[in-house]
Amino acid sequence: MAQSYRIGSLFGVAIELHWSFIMLLLLTLLLSTYVFMLIALLFVCVLIHELAHSITSIRNGVKVKKIILMPIGGASIIDETKLSPEVEFNVAVSGPLMSVFLGCLFGALVAFAPAGLANQIFQYLFEINLLLGVFNLLPAFPTDGGRVFRSYLERRYDEYKATMMTVTASKYVMVIFIAGTIVYALLLNAPAYYKEFTVLWDLLIVFFLLGGALSEKQMAELKRDSRGLTIAGAASTHFKFVEPNTAVGSLYDLVRKSKEHVLITTIGSDYAYVNLAGTAKKGSVRTAADLAVVMPRLPASTGLVDALSIMESAESGIAAVIDKKKLAGIITVSNLQTFLALHVLNKGRGGLRKTS
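So the sequence shown is numbered by numbering that gives the first Met the number 0: it starts at 0 and just counts up by one.
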């Protein structure tokens, strides 16, 4: 089952709906058309928030692959390897500022709109956009505010220290959030079930923040520990090169007779791997070119963690390693993860060989 489904594109950026958002929309449509309308408006608000991130990224020369919309918010999938602290600050802050702007706009409409359904909708849009904006300005991972805070700290500190300081700030935000929730629930004049729901919901938010903070901490430590290690040292030459017009029958013969089970070919100026599993899905497969899947091209000097990020963004499990404009090898996500794990395990004994 796919995690998200494409529903269109804006400004050249693919828009996808997470399956949970689709389920929520269908459920609310069955329960109430009014609630469905509110969820649909939430969808539009989150989309505008994410588009602000994407447009700012594009204007700063950062590639944007797609936007994924979820009930708890959205995510712009961008090439983070090209994010300088200044660009990250601009990209991260653009979303919350757009939400705050929309909140103020709808707040003004509330003041002038007559009482009725329109006023209620404007009130809802005022509250939801203001909430999106303020929440995403909290100096805590994985919100936009966490990235804004880290990029600001990077003016004085290196990326690792700035990340660790932001992780610490995230913990303080979580403690304040929990304390505030408890005080609010105690003072709130409402039924017990409503108080319990409020506390439970806020605890889920705290777990979301905790997971994001721990993820950023682990990534920062991995970048620090693998500094100087490039994919040149992890690349594999265990593959067989075949011509694009090689017949499918010959491909299977090659795999049976050769020790190399990875077949590489070319599509124009690009390198591609031959996906033999594709024969079960395509009815008119005749040659290697029909099964070829273009691989991302990574310079041999690319860092291990950066390579993982690029391959994840490209949704590719394999990439071509290029050295002096020639194919020097291939790298897979599993190979990279194994290489990094071995380096961490051997760190106390000097680590793995570093490459220049």
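All residues carry an ideal CB built from backbone N, CA and C; glycine is no exception.
Boundaries (first-last residue) of the beta strand (DSSP E) holding residue i
i	result
Ala-271	269 to 273
Val-61	From DSSP, Val-61 is part of no beta strand (DSSP E); its letter is neither H nor E.
Ser-75	72 to 77
Supposed contact pair residue j and residue i - C-beta distance, whole angstroms, cut 8 angstroms
i	j	result
Ser-56	Ile-77	5 angstroms
Phe-240	Val-261	With 8 angstroms as the limit, Phe-240 and Val-261 do not qualify as a contact, their Cβ atoms being about 10 angstroms apart.
Ser-300	Thr-229	5 angstroms
Val-109	Phe-100	Between Phe-100 and Val-109 the Cβ distance is about 15 angstroms, and since that is not below 8 angstroms, they are no contact.
Ile-321	Arg-285	Incorrect: roughly 29 angstroms between the Cβ atoms, too far for contact.
Ala-233	Asn-334	6 angstroms
Ser-169	Leu-208	6 angstroms
Thr-167	Gly-145	The pair is not a contact, with the Cβ atoms about 11 angstroms apart (cut-off 8 angstroms).
Ala-319	Ala-306	At roughly 11 angstroms, the Cβ-Cβ gap does not stay under 8 angstroms, so Ala-319 and Ala-306 are not in contact.
Phe-134	Gly-102	That belief does not hold up - the Cβ atoms of Phe-134 and Gly-102 are roughly 12 angstroms apart, past 8 angstroms.
Range covered by the alpha helix (DSSP H) that runs through residue i
i	result
Gly-227	Run containing Gly-227: none; DSSP gives neither H nor E here.
Leu-136	Unbroken run through Leu-136: none, as it is neither H nor E.
Gly-115	Taken as a continuous stretch (DSSP letters only), Gly-115 belongs to no alpha helix (DSSP H), as it is neither H nor E.
Thr-337	332 to 344
Gly-232	Careful: Gly-232 lies outside any alpha helix (DSSP H) and carries neither H nor E.
Leu-104	84 to 111
Ala-306	303 to 312
Asp-157	Element bounds for Asp-157: n/a, residue is neither H nor E.
Ser-150	143 to 152
Spatial neighbours of residue i in its chain, beta-carbon cut-off 6 angstroms, leaving aside the 5 residues before and after
i	result
Asn-59	Val-86
Trp-200	none
Tyr-159	Ala-219 and Arg-223
Thr-197	Ala-184
Opposing strand residues paired with residue i [DSSP bridges]
i	result
Pro-298	Ile-321
Arg-5	Glu-15
Met-173	Looking at the DSSP assignment, Met-173 forms no beta bridge with any residue, so it has no partner.
Ile-263	Phe-240 and Tyr-272
Ala-246	Thr-286
Ala-291	Val-273
Leu-68	Leu-16 and Gly-73
Gly-328	Val-320
Of the listed residues the options, nearest to residue i (C-alpha basis)
i	options	result
Glu-215	Gly-179, Tyr-183, Ile-175 and Ala-139	Ala-139
Asn-244	Ala-271, Asp-289, Glu-126 and Ser-8	Asp-289
Ser-283	Asp-269, Ala-246 and Thr-264	Ala-246
Ile-127	Ala-112, Pro-141, Phe-105 and Ala-117	Phe-105
Tyr-251	Leu-202, Asn-334, Val-198 and Ala-287	Ala-287
Ile-266	Tyr-193, Met-294 and Gly-232	Met-294
Gly-132	Ala-51, Phe-111 and Phe-207	Ala-51
Ser-249	Val-273, Ala-233 and Glu-314	Val-273
Leu-82	Ser-53, Gly-102, Val-343 and Asn-135	Ser-53
Phe-42	Leu-23, Leu-116, Thr-32 and Leu-30	Leu-23
Met-97	Thr-80, Pro-84 and Asp-143	Asp-143
Leu-202	Leu-187, Ala-291, Asp-269 and Val-174	Val-174
Arg-255	Phe-206, Ala-212, Leu-275 and Val-182	Leu-275
Leu-213	Ala-191, Gly-316, Ala-313 and Thr-162	Thr-162
Tyr-156	Leu-30, Lys-194, Pro-84 and Thr-180	Pro-84
Gly-211	Pro-190, Pro-141, Ser-257 and Glu-242	Pro-141
Thr-264	Ala-291, Ser-257 and Leu-253	Ala-291
Leu-129	Glu-153, Pro-95 and Phe-111	Pro-95
Asp-269	Leu-253, Glu-242 and Gly-302	Glu-242
Same chain, Cβ closer than 7 angstroms to residue i, five either side skipped, listed in chain order
i	result
Phe-88	Val-147, Ser-150 and Tyr-151
Thr-236	Gly-328
Lys-62	Ile-77 and Asp-78
Lys-194	Ala-184 and Leu-187
Thr-27	Val-34, Phe-35 and Ile-38
Ser-8	Ile-14
Cβ-based neighbour list, residue i, same chain, cut-off 8 angstroms, excluding 5 preceding and 5 following
i	result
Gly-73	Val-45, Leu-46, His-48, Glu-49, Ile-66 and Ile-67
Val-304	Met-218, Leu-221, Lys-222, Ser-225 and Leu-339
Glu-15	Ser-3, Tyr-4, Arg-5, Ile-6, Lys-65, Ile-66, Ile-67 and Leu-68
Ser-19	Met-69 and Pro-70
Tyr-123	Leu-37 and Leu-40
Lys-325	none
Gly-316	Met-310, Thr-331, Val-332 and Ser-333
Phe-10	Leu-50, Ser-53, Ile-54 and Ile-57
Ala-107	none
Val-205	Met-173, Phe-176 and Ile-177
Thr-80	Asp-305, Ser-308 and Ile-309
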